[in-house]
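Add 2 to a position in the sequence shown, counting from 1, and you land on the number used in my numbering. Heads up, the beta-carbon is just placed ideally off N, CA and C, and yes, glycines get one too. Worksheet for the structure shown next.
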Amino acid sequence: MDILSLRLFLRIAALGGVSAAAQDLSLSPASASARLVKLEETVGFRLFNRTTRAVSLTTDGEAFLPYAQQVVETLETGLSAVKGQGTEAEGLLRIT
3 MDILSLRLFL
13 RIAALGGVSA
23 AAQDLSLSPA
33 SASARLVKLE
43 ETVGFRLFNR
53 TTRAVSLTTD
63 GEAFLPYAQQ
73 VVETLETGLS
83 AVKGQGTEAE
93 GLLRIT
C-alpha cells in the first residue's frame, strides 16, 4: 500500500470515476485501475462497486474512507512540517 494508491482511492470516491481520478492525479486510466486492484488486494476487500458508467463505494469502502483520509492528511502534514525545518534562519543574530 502506498500513498499514491490511497490518494487515488480518495479521488475516485470524490469524483465518482476512475478516469476522472486518474486524470486529476496525472495517471493513465489503465495505471489507475491497476493501482486500485492492487489496493483492494492489499486491504482484502472491494472498495468500490463498478458499473460501466460509474463507481460507488462499497460498505467496506465507506468504512475505510475516513482512515485513508487520516493517513493521507497526516503524511501531508508531516511532510510540510519537515520541509519547513532548516529552510529558515532561527535564533538571535547579534552584530557588533
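{"Item": "Could you compute how far the alpha carbon of F7 sits from the alpha carbon of Q25?", "Value": "In the sequence on display, residue 7 carries Ser and not Phe. S7 and Q25: Cα-Cα distance of roughly 14 angstroms."}
{"Item": "So the alpha helix (DSSP H) R37 belongs to, where does it begin and stop?", "Value": "31-45"}
{"Item": "Please report how far the alpha carbon of L10 lies from the alpha carbon of G93, in whole angstroms.", "Value": "41 angstroms"}
{"Item": "Give the DSSP bridge partners of R52, in chain order.", "Value": "V57"}
{"Item": "Looking at the secondary structure, which residues open and close the alpha helix (DSSP H) in which L12 lies?", "Value": "5-17"}
{"Item": "Are at least three pairs of beta-carbons, each pair with one atom in the segment 14-21 and one in the segment 39-48, less than 8 angstroms apart?", "Value": "no"}
{"Item": "Near L59, what residues of its chain come up, given a Cβ to Cβ distance below 8 angstroms and the 5 sequence neighbours on each side ignored?", "Value": "A15, L49, F50, N51, L67"}
{"Item": "Taking buried to mean at least 16 other C-beta atoms within 10 Å of its own C-beta, is L38 buried or exposed?", "Value": "buried"}
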